[in-house]
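**Student:**
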Amino acid sequence: MSSLSVSVPELQLTNEAWRDSCRKACDSIAPVWPLDQWIAVNPFWGLRHLPAARADQLLQDRGGINMLMPAAFYREAWEGGRIQQQDLEASMAERGEGGDPIDDIRRLEKAEHRKGVTQFAMLQGSLAEAACDQVSATCGAFFDQHQRRWSQGEENPNQEDLQTHSLFAFWLESVREDRSLDTKTGVPGARRFFRDLPNTLEQVTADSIRAISASGAELEAICHSLLLQVNGWASWCRGEDWRAGLDGQVSDRCMEILAIMLVWERLAIEFSSLDQKADWQKQRARARRADRHGEPDRLWVWQRAYELAYQRALWQACGLTGSGSASNQSGPATGPDGLPEVQAVFCIDVRSEVMRRHLEQVHPGMQTLGFAGFFGMPIEHHRHGSFAPVRRLPGLLPTSYRLVDTKGSVREDLAEHHSRDQKEITRASIREAKYSSLSTFTLVETTGMAWAWKLLKDTLKSGQKKVDGNQLEGRLVHRYGGDPLNDSERTGLAENLLKGMSLTSGFAPLLVFVGHGSHTDNNPNQAGLDCGACGGQSGGTNARVAAALVNDPQVRAGLARRGIRIPDYTWAVAAEHCTATDSVTIADREKVPDSHLQKLVDLEAGFEKAGRLVRRERATPLKLNGLTDARLEQAMETRTRDWSEVRPEWGLANNAAIIFAKRARTRGCNLGGRVFLHDYDPEPDTEGALLESLLSAPMVVANWINLQYFASVTAPEVYGAGNKLLHSVIGGNIGVVEGNDSRLRIGLPIQSVHDGTYWRHEPVRLTVLVDAPADRIESVIRRQPDVAALIDNHWVLLHRFAGAGVERYNCGSWEPVA
1 MSSLSVSVPE LQLTNEAWRD SCRKACDSIA PVWPLDQWIA VNPFWGLRHL
51 PAARADQLLQ DRGGINMLMP AAFYREAWEG GRIQQQDLEA SMAERGEGGD
101 PIDDIRRLEK AEHRKGVTQF AMLQGSLAEA ACDQVSATCG AFFDQHQRRW
151 SQGEENPNQE DLQTHSLFAF WLESVREDRS LDTKTGVPGA RRFFRDLPNT
201 LEQVTADSIR AISASGAELE AICHSLLLQV NGWASWCRGE DWRAGLDGQV
251 SDRCMEILAI MLVWERLAIE FSSLDQKADW QKQRARARRA DRHGEPDRLW
301 VWQRAYELAY QRALWQACGL TGSGSASNQS GPATGPDGLP EVQAVFCIDV
351 RSEVMRRHLE QVHPGMQTLG FAGFFGMPIE HHRHGSFAPV RRLPGLLPTS
401 YRLVDTKGSV REDLAEHHSR DQKEITRASI REAKYSSLST FTLVETTGMA
451 WAWKLLKDTL KSGQKKVDGN QLEGRLVHRY GGDPLNDSER TGLAENLLKG
501 MSLTSGFAPL LVFVGHGSHT DNNPNQAGLD CGACGGQSGG TNARVAAALV
551 NDPQVRAGLA RRGIRIPDYT WAVAAEHCTA TDSVTIADRE KVPDSHLQKL
601 VDLEAGFEKA GRLVRRERAT PLKLNGLTDA RLEQAMETRT RDWSEVRPEW
651 GLANNAAIIF AKRARTRGCN LGGRVFLHDY DPEPDTEGAL LESLLSAPMV
701 VANWINLQYF ASVTAPEVYG AGNKLLHSVI GGNIGVVEGN DSRLRIGLPI
751 QSVHDGTYWR HEPVRLTVLV DAPADRIESV IRRQPDVAAL IDNHWVLLHR
801 FAGAGVERYN CGSWEPVA
């Protein structure tokens with residue numbers, strides 16, 4: 001490119017106007033969480049106000065991103081019988097389209113169905129590559145507070161320091177000091193351009209927008225296009241803003257990275273040739289004239305047919321035949337008092353469906369229930385030592401309380417703090433030596449044998465980790481101020497828990513809260529296998545808090561005054577289900593009264609039998625068929641500590657639906673480990689308050705999980721984390737990059753959704769099936785904008801039980817499903 005002095009039309013644009021466009025662009029980017037608190041995120045969350053098909057067109061235009069699979073995928077599904085004629089016909093009828101879909105798919109396959117990308121942004125080609133590399137490297141250095149050893153000033157700045165030490169200022173200093181910038185960008189004068197910029201973000205952004213000469217929707221499109229070019233780091237910045245907002249703080253990291261990209265865009269404009277500039281203006285004019293809102297995308301006919309085929313199988317599995325009476329599933333065996341022997345509350349996680357099904361089979365007196373795995377405990381966990389508190393609740397929710405570990409006395413707690421602090425100081429010293437500029441190979445040569453022994457010992461060790469937090473007591477206090485919760489507050493937590501799972505009467509003698517975790521070693525993506533409802537943590541701690549509350553005599557007395565009487569003969573215990581091995585461990589076993597020990601022994605035997613059946617079911621997708629029960633259990637346990645194992649388990653792969661109903665609706669049904677199950681009894685919820693909380697929280701979380709897996713399959717180059725074998729962890733816990741690339745990868749690694757030959761996740765949107773009256777569901781949709789956006793724009797596919805059949809929600813009306 002040659003440096004030219006090209007005049008641009010003067011744009012009269014107020015700060016409020018351009019800020020509004022920039023803010024909308026930032027809001028189009030979904031947040032991400034750090035590795036140690038990793039939760040699945042719907043990457044299209046910022047576009048939920050648009051119909052899914054329209055969002056697909058927008059992403060194609062602005063970033064060359066396709067939300068759907070290639071045409072060949074659907075053709076193969078058709079030829080293999082996965083999609084049938086009735087599915088295609090139903091899809092076309094829903095969309096009101098005609099024509100020959102078979103001819104369409106062949107034509108689309110030949111054309112590869114890849115539209116050209118509209119040049120909303122001038123930043124293209126090699127200059128875009130150089131800009132993205134430079135911005136990514138700068139973000140990696142700025143946000144790396146764990147491994148950075150040559151930072152200027154404070155090593156670990158506090159929140160106030162980070163607010164004054166802006167990403168933009170850090171970037172501007174870095175780019176000005178890069179003496180090779182002209183060579184990297186291929187733009188003579190690039191470094192001089194950056195050195196001549198004003199120092200303030202506000203002025204630089206305004207100047208860049210004037211140079212771009214765009215406003216309103218067009219400026220928003222350009223800004224969104226620029227953010228998509230550094231989508232990983234833009235998502236991280238958006239996550240920083242999101243988490244700050246949950247804590248009542250203000251953060252503008254996404255606006256900062258957008259300002260940086262706008263400066264690069266201005267550079268591209270000012271140093272472009274006249275022909276390049278004219279070409280870009282033509283592209284923008286064409287984009288302004290184009291009205292693609294009504295343009296049909298025939299590939300969506302096939303995507304919907306693909307989803308209808310799954311739904312048809314789901315209705316059949318649930319016994320929803322559409323004629324006669326609904327299939328009646330038997331409930332748990334009950335005693336003389338009409339109550340089950342045991343009630344086990346599981347997370348709604350799809351992996352729990354398999355365990356619940358087999359547990360009910362081997363333990364006839366068992367009643368299982370589904371509830372969000374954080375068990376309604378909005379807590380963060382503060383362990384002994386200098387560790388920061390860890391959130392154990394969904395990323396959508398703010399933290400209210402803190403669980404503080406204690407050994408029972410101030411003296412013992414201080415001793416434990418000191419011991420753990422000393423260990424952390426030693427670890428920090430080793431890290432300091434590892435990353436020191438003087439270490440080179442010296443550290444490796446002198447400590448290599450010690451590390452080799454540790455690696456061998458970790459690989460050979462056997463047995464599973466104990467339930468999280470099993471050896472400690474905890475004090476539940478307010479997050480701010482540290483005051484203990486009073487009886488009324490603790491009673492309120494327990495009340496919300498019991499009402500949330502529709503369990504306010506008919507308590508069994510033994511009530512079990514079953515959290516879950518994966519317990520794998522040397523796995524940067526471990527948190528993605530743990531409980532998403534617990535903020536990427538295992539659920540044992542939350543289960544223990546819930547059980548302790550239910551057993552508390554003061555809490556029980558408070559519940560009785562509120563109309564929920566827990567019998568004296570009911571005892572609550574906590575357990576944790578390891579989803580990698582399907583073993584279940586009981587916590588606080590020594591506290592169980594003698595009167596309940598036999599029931600506990602029977603329960604543990606049931607968990608053991610069910611675990612064998614679950615492992616047998618999971619053996620095929622893990623390619624472990626042909627092993628005896630003992631060898632299969634050992635093989636699965638070995639996978640958790642094998643440092644070369646890239647697929648310790650399949651996590652939530654193949655999730656496809658969520659059902660809000662009493663377990664009687666699905667008990668005995670084989671749902672294939674694809675369905676989130678949340679208990680809901682419509683009878684006492686006459687006002688719809690409980691349903692509202694379920695659709696606005698668990699359904700949204702399930703949507704995030706579902707579309708995270710969906711996008712990691714359909715658009716892995718943008719929304720997938722790439723190849724685990726090439727991963728390097730950046731910033732200690734920020735995320736991963738591939739090889740020597742500094743671009744942050746988000747989403748799931750390819751090994752989490754593909755087995756090397758076949759996809760292990762079917763990309764279908766979440767089917768939602770609710771057991772509630774139509775008017776009650778509609779009232780929730782009217783009151784909850786986010787729920788309405790997901791449903792009305794077909795990001796989730798809403799249905800309700802209707803007698804022996806199913807009704808589908810479509811544009812405000814209910815239609816029977818054949």
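So the sequence shown is numbered by UniProt numbering: it starts at 1 and just counts up by one. A virtual CB, placed ideally from N, CA and C, is assigned to each residue, including glycine. Quick caveat: nothing in here was measured; it's all calculated off a predicted structure.
1) Indicate whether the contact test is met: 3 or more Cβ pairs, each with one atom in the stretch 728-745 and one in the stretch 120-140, closer than 8 Å.
2) Alpha carbon to alpha carbon, how far is residue 693 from residue 97? Give it in angstroms, no decimals.
3) Name, in chain order, the residues that DSSP records as bridge partners for residue 658.
4) Taking residue 299 as the reference, give the member of 499, 106, 643, 566 with the closest Cα.
5) Give the straight-line distance between the Cα atoms of residue 804 and residue 606, rounded to the nearest whole angstrom.
6) So residue 675 and residue 657 are supposed to be a Cβ contact under 8 Å. How far apart are they, rounded?
7) Three or more beta-carbon pairs under 8 Å between the stretch 620-638 and the stretch 584-593, yes or no?
8) Can you tell me whether residue 35 is buried or exposed, with buried defined as 16 or more other CB within 10 angstroms of its CB?
9) Sorted by chain position, which residues of the same chain lie with C-beta nearer than 6 Å to residue 405's C-beta, five sequence neighbours on each side aside?
10) Report the option in 61, 760, 726 whose CA atom is closest to the CA atom of residue 283.
11) Roughly how many angstroms lie between the CA atoms of residue 264 and residue 175, to the nearest whole one?
12) Is it true that the CB of residue 349 sits closer than 8 Å to the CB of residue 501?
13) Given a cut-off of 8 Å, decide if residue 378 and residue 359 are closer than it, judged by their beta-carbon atoms.
14) Who are residue 368's beta bridge partners in DSSP?
15) Report yes or no: do the stretch 34-49 and the stretch 700-709 share at least 3 C-beta pairs separated by less than 8 Å?
16) Quick check on the DSSP output: the beta strand (DSSP E) that includes residue 728 runs from which residue to which?
17) Could you tell me which of 619, 200, 131, 638 sits nearest to residue 650, measuring between CA atoms?
18) I believe residue 340 touches residue 508 by the beta-carbon criterion, under 8 Å. Please report the beta-carbon distance rounded to the nearest angstrom.
19) Have a look at residue 190 and residue 177 and give me their C-alpha separation to the nearest angstrom.
20) In the DSSP assignment, the alpha helix (DSSP H) including residue 578 goes from what residue to what residue?
21) Between 19, 571, 813, which lies nearest to residue 255 when the distance is taken from Cα to Cα?
22) Measuring alpha carbon to alpha carbon, tell me which of 700, 21, 796 ends up nearest residue 397.
23) Under three-state DSSP, which class holds residue 531?
24) Can you give the Cα-Cα distance for residue 531 and residue 541, rounded to whole angstroms?
25) Only counting the same chain, and skipping five residues up and downstream in sequence, which positions put a Cβ closer than 7 Å to that of residue 224?
26) Classify residue 390 as helix, strand or coil using the three-state DSSP reduction.
27) Report the CB separation of residue 712 from residue 646 in whole angstroms; it is logged as a contact under 8 Å.
28) Using 10 angstroms around the beta-carbon of residue 486, count the other beta-carbons present and answer buried if the total reaches 16, otherwise exposed.
29) Using 10 angstroms around the beta-carbon of residue 558, count the other beta-carbons present and answer buried if the total reaches 16, otherwise exposed.
30) Assuming residue 536 contacts residue 37 under a Cβ cut-off of 8 Å, what Cβ separation, rounded to an integer in Å, is found between them?
31) DSSP three-state call for residue 757: helix, strand or coil?
32) For the beta strand (DSSP E) that contains residue 379, what are its first and last residues?
33) Quick one: is residue 643 buried, meaning 16 or more other Cβ sit within 10 Å of its Cβ, or exposed?
34) Pull up the distance between the alpha-carbon of residue 673 and that of residue 204, whole angstroms please.
35) Quick one: any contact between the stretch 607-616 and the stretch 565-584, if contact means 3 or more CB pairs under 8 Å?
36) Hey, out of 577, 808, 522, 545, whose CA is closest to residue 727's CA?
**Tutor:** By the coordinates alone:
1) yes
2) Position 97 of the sequence shown, counted from the start, is the residue given in the question as residue 97. Position 693 of the sequence shown, counted from the start, is the residue given in the question as residue 693. For residue 97 and residue 693, the distance between alpha carbons rounds to 36 Å.
3) Counting from one through the sequence shown, the residue named residue 658 turns up at place 658. DSSP lists 676, 768 as partners of residue 658.
4) Translated into the one-based positions of the sequence shown, residue 299 becomes position 299. Checked all of 499, 106, 643, 566; the closest Cα to residue 299 is 106.
5) Translated into positions along the sequence shown, residue 804 becomes position 804. Translated into positions along the sequence shown, residue 606 becomes position 606. Each residue's alpha carbon lies about 32 Å from the other.
6) Reading the sequence shown from its first residue, position 675 is the one you call residue 675. Reading the sequence shown from its first residue, position 657 is the one you call residue 657. Yes, they are in contact, since the Cβ atoms of residue 675 and residue 657 sit about 5 Å apart, within 8 Å.
7) no
8) Here residue 35 refers to the residue found at position 35 of the sequence shown. With 16 or more Cβ atoms within 10 Å of its Cβ, residue 35 is classed as buried.
9) Working through the sequence shown from its first residue, we reach residue 405 at position 405. So the qualifying residues of the chain are 383, 384, 472, 474.
10) Numbered from 1 along the sequence shown, position 283 holds the residue referred to as residue 283. Measuring from the Cα of residue 283, the nearest candidate turns out to be 61.
11) Translated into positions along the sequence shown, residue 264 becomes position 264. Translated into positions along the sequence shown, residue 175 becomes position 175. Distance between the alpha carbons of residue 264 and residue 175 is about 11 Å.
12) What you label residue 501 is simply residue 501 of the sequence shown in a count that begins at 1. What you label residue 349 is simply residue 349 of the sequence shown in a count that begins at 1. Contact flag unset, no.
13) Residue 359 sits at position 359 when you count from the first residue of the sequence shown. Residue 378 sits at position 378 when you count from the first residue of the sequence shown. No, Cβ-Cβ distance for residue 359 and residue 378 is not below 8 Å.
14) Here residue 368 is taken as the residue at index 368 of the sequence shown, counted from 1. Partner(s): 344.
15) yes
16) Position 728 of the sequence shown, counted from the first residue, corresponds to residue 728. DSSP places residue 728 in the uninterrupted beta strand (DSSP E) bounded by 727-730.
17) Working through the sequence shown from its first residue, we reach residue 650 at position 650. Comparing Cα-Cα distances from residue 650 to each of 619, 200, 131, 638, the minimum goes to 619.
18) As a first step, residue 340 is located in the sequence shown; it is residue number 340 there, counting from the start. As a first step, residue 508 is located in the sequence shown; it is residue number 508 there, counting from the start. Residue 340 to residue 508, Cβ: 5 Å. Contact.
19) Residue numbering aside, residue 190 sits at position 190 when the sequence shown is read from its first letter. Residue numbering aside, residue 177 sits at position 177 when the sequence shown is read from its first letter. For the pair residue 190 and residue 177, the Cα-to-Cα distance works out to about 12 Å.
20) Here residue 578 is taken as the residue at index 578 of the sequence shown, counted from 1. Counting along the chain, residue 578 falls outside any alpha helix (DSSP H), though it belongs to the beta strand (DSSP E) covering 571-578.
21) For the purposes of this step, residue 255 is taken as the residue at position 255 of the sequence shown. Nearest C-alpha to residue 255: 19.
22) Numbered from 1 along the sequence shown, position 397 holds the residue referred to as residue 397. The option with the nearest alpha carbon to residue 397 is 700.
23) The residue you call residue 531 lines up with position 531 of the sequence shown. Residue 531 falls in the strand class under three-state DSSP.
24) As a first step, residue 531 is located in the sequence shown; it is residue number 531 there, counting from the start. As a first step, residue 541 is located in the sequence shown; it is residue number 541 there, counting from the start. So the two alpha carbons sit approximately 11 Å from each other.
25) One-based indexing of the sequence shown puts residue 224 at position 224. Excluding positions up to five away in sequence, the list reads 25, 28, 62.
26) Residue mapping note: residue 390 aligns to position 390 of the sequence shown, counting from 1. In this structure, residue 390 counts as strand in the three-state DSSP scheme.
27) As a first step, residue 712 is located in the sequence shown; it is residue number 712 there, counting from the start. As a first step, residue 646 is located in the sequence shown; it is residue number 646 there, counting from the start. About 15 Å; that fails the 8 Å criterion.
28) As a working note, residue 486 is residue 486 in the sequence shown. Result: exposed.
29) Taking the sequence shown and counting its residues from 1, one reaches residue 558 at position 558. With 16 or more other Cβ atoms within 10 Å, it is buried.
30) Counted from its first residue, the sequence shown places residue 536 at position 536. Counted from its first residue, the sequence shown places residue 37 at position 37. Correct: roughly 5 Å between the Cβ atoms.
31) By 1-based counting over the sequence shown, the position of residue 757 is 757. Residue 757 falls in the coil class under three-state DSSP.
32) Position 379 of the sequence shown, counting from 1, holds the residue named residue 379. Counting along the chain, the beta strand (DSSP E) containing residue 379 begins and ends at 379-382.
33) Taking the first residue of the sequence shown as position 1, residue 643 is located at position 643. Label assigned to residue 643: exposed.
34) Taking the first residue of the sequence shown as 1, we reach residue 673 at position 673. Taking the first residue of the sequence shown as 1, we reach residue 204 at position 204. One C-alpha to the other measures close to 52 Å.
35) They touch, by the three-pair rule.
36) For the purposes of this step, residue 727 is taken as residue 727 along the sequence shown, with counting starting at 1. Considering only alpha carbons, the answer is 522.
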